[in-house]
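Just so we're aligned: 55 in our numbering is position 48 of the sequence shown, and the numbers increase by one with no gaps anywhere.
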Amino acid sequence: MVRPIHYQRSGEGPPLILLHATLSSSRQLRTLAAHLATSFSVVSVDRRGSGKSATDEPARPIHIATHIDDLIAIVAAERLPPAVVVGHSYGGCIAVELAARRPDLVSAVFAWEPPYFPLAPREAGERMAQVVRRMLAANERGDLPGAAITFMEGVSGTEAVAALSPAARARVERAGQGAVADATLLGMDPDGLAGISCPTRIATGGASDPLYADIASELAARIPAASHQRFEGLEHMAPIIAPDAIAAAVEDFTHR
Numbered sequence: 008m009v010r011p012i013h014y015q016r017s018g019e020g021p022p023l024i025l026l027h028a029t030l031s032s033s034r035q036l037r038t039l040a041a042h043l044a045t046s047f048s049v050v051s052v053d054r055r056g057s058g059k060s061a062t063d064e065p066a067r068p069i070h071i072a073t074h075i076d077d078l079i080a081i082v083a084a085e086r087l088p089p090a091v092v093v094g095h096s097y098g099g100c101i102a103v104e105l106a107a108r109r110p111d112l113v114s115a116v117f118a119w120e121p122p123y124f125p126l127a128p129r130e131a132g133e134r135m136a137q138v139v140r141r142m143l144a145a146n147e148r149g150d151l152p153g154a155a156i157t158f159m160e161g162v163s164g165t166e167a168v169a170a171l172s173p174a175a176r177a178r179v180e181r182a183g184q185g186a187v188a189d190a191t192l193l194g195m196d197p198d199g200l201a202g203i204s205c206p207t208r209i210a211t212g213g214a215s216d217p218l219y220a221d222i223a224s225e226l227a228a229r230i231p232a233a234s235h236q237r238f239e240g241l242e243h244m245a246p247i248i249a250p251d252a253i254a255a256a257v258e259d260f261t262h263r
């Protein structure tokens, strides 16, 4: 049985859709959502395959178009006017693609370090493709926890995995279905970026892998109303570990 997509609303104001990263869920963005709810009506989504939207089916890659269809259904169910869409990591990729494919639903995009790999330097794209292949191979062997760890090692490095506490490692391993679901993050459509008409902010942290800034610069060059903003001292997990800073950045961007 496939569960419906889980989401929850909080706050009052213009609508804002909040999308989490891979190996995550809306629960990890709850503090960010609380900050944003002082200015927006926040719709926090557990993307298909993650959190309370995990399925009872075997783990499998989910096409980005399916995630977009899920968001379209939520917008229709909640009768939302065009919304600000805020995405962390792969959630940021989905935010960008939603704006490209359904510009009528999006008033602005704020994407924190989206791994939009079609625009990454060639070596980085090839490295990520290898990570995805290893992750899918682990899933085919029935090793879903191993698939999650493989993904985290590929994105964050072996040292980050080694530094996990037992509880944190167990939490990552339980998120294997979401990691496999996001395996098609290589299948995005850069040709559609020129059709994005809303204000778009691609944000990166000064303490992050420079790859994210490289991708952000490419996105900002291809999206007509986009800009790239760098935040010194912040890193890839900033929406989770520095939610006040990210909320302030979103509010500054959208209230100009």
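Built from N, CA and C at the ideal position, the CB exists for glycine as well.
Since the model is a prediction, treat every value here as computed from it, not as a measurement.
Straight through space, the alpha carbons of residue 196 and residue 220 are spaced by roughly 19 Å. A direct Cα-Cα distance of roughly 22 Å separates residue 86 from residue 41. Comparing alpha carbon positions, the residue from 191, 104 and 121 closest to residue 138 is 191.
Listed in chain order, the non-local C-beta contacts of residue 145 below 6 Å within the same chain comprise 153, 154 and 157, local neighbours out to five positions each way being set aside. In this structure, the CA atom of residue 116 is about 19 Å from the CA atom of residue 73. In this structure, DSSP gives residue 230 a state outside helix and strand, which the three-state scheme calls coil. Listed in chain order, the non-local C-beta contacts of residue 50 below 8 Å within the same chain comprise 14, 15, 16, 22, 23, 24, 25, 81, 85, 87 and 90, local neighbours out to five positions each way being set aside.
Under DSSP, residue 95 shares a beta bridge with 119. Judged by DSSP in its simplified three-state form, residue 25 adopts strand. The beta carbon of residue 261 lies closer than 7 Å to those of 91 and 115 in the same chain, with the five residues before and after it left out.
Beta-carbon to beta-carbon, residue 33 and residue 52 are separated by about 6 Å, close enough to satisfy the 8 Å threshold. Here the alpha carbon of residue 175 sits roughly 14 Å from the alpha carbon of residue 166. Note on residue 83: under 16 other CB atoms within 10 angstroms of its CB, so exposed under the neighbour-count rule.
Residue 51: member of the beta strand (DSSP E) spanning 48-52, first to last residue. When secondary structure is reduced to three states using DSSP, residue 207 falls in the strand class. With respect to the C-alpha of residue 229, the residue from 119, 240, 215 and 203 having the closest C-alpha is 203.
Per DSSP, the continuous alpha helix (DSSP H) segment holding residue 134 begins and ends at 129-147.
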